[in-house]
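Participant:
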Amino acid sequence: MIIRYALFEGQILQGREAEFRQFVKEKLVPLWTRFPGAEEIRVLDGTQRDEGAPEYAMALAIRYPDRDACDRALRSDVRFQSRDVTAELMKLFTGRIHHHVFEANEYAPAQLG
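For the sequence shown, the numbering used here gives the first residue as 17, with consecutive numbering after it.
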């Protein structure tokens, strides 16, 4: 399984946090959920971090079954539409977006007791 992250490193403009989150929910999530081959879409809103750690206002995690599915999504029309809409979102954000692809391995937690 592959997970592609879009990391929004930086800050939402002060006082515009609710507007930023609403924009994501109303305009971007409907596009992201249409990415072909996507199995799960998670929007992670940054709430706190270790002292000295970089600030991430948000992370988008999209899970795909394999690298080919991820690559198909990256070539899709809806992905290019989402990039145009994301450019509008950047008016509410100071920072940069960078992407990382991970191969995911899942492990069940040990049972207590």
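Ideal placement from N, C-alpha and C gives every residue a C-beta, glycine not left out.
1) Please check the pair E71 and G26, which I expect to be a contact at CB under 8 Å, by giving their CB distance rounded to whole angstroms.
2) Kindly identify the DSSP beta-bridge partner or partners of M74.
3) Once DSSP output is grouped into helix, strand and coil, what is the label at T110?
4) Taking just the CA atoms, how far does Q97 sit from A22?
5) So, with DSSP's three-state summary, where would you put R79?
Facilitator: Looking at the coordinates:
1) Reading the sequence shown from its first residue, position 55 is the one you call residue 71. Reading the sequence shown from its first residue, position 10 is the one you call residue 26. At roughly 6 Å, the Cβ-Cβ gap stays under 8 Å, so E71 and G26 are in contact.
2) Reading the sequence shown from its first residue, position 58 is the one you call residue 74. M74 pairs with F24, D61.
3) Numbered from 1 along the sequence shown, position 94 holds the residue referred to as residue 110. Residue state, collapsed to three classes: strand.
4) Along the sequence shown, one-based indexing puts residue 22 at 6. Along the sequence shown, one-based indexing puts residue 97 at 81. Distance between the alpha carbons of A22 and Q97 is about 16 Å.
5) Translated into the one-based positions of the sequence shown, residue 79 becomes position 63. R79 falls in the strand class under three-state DSSP.
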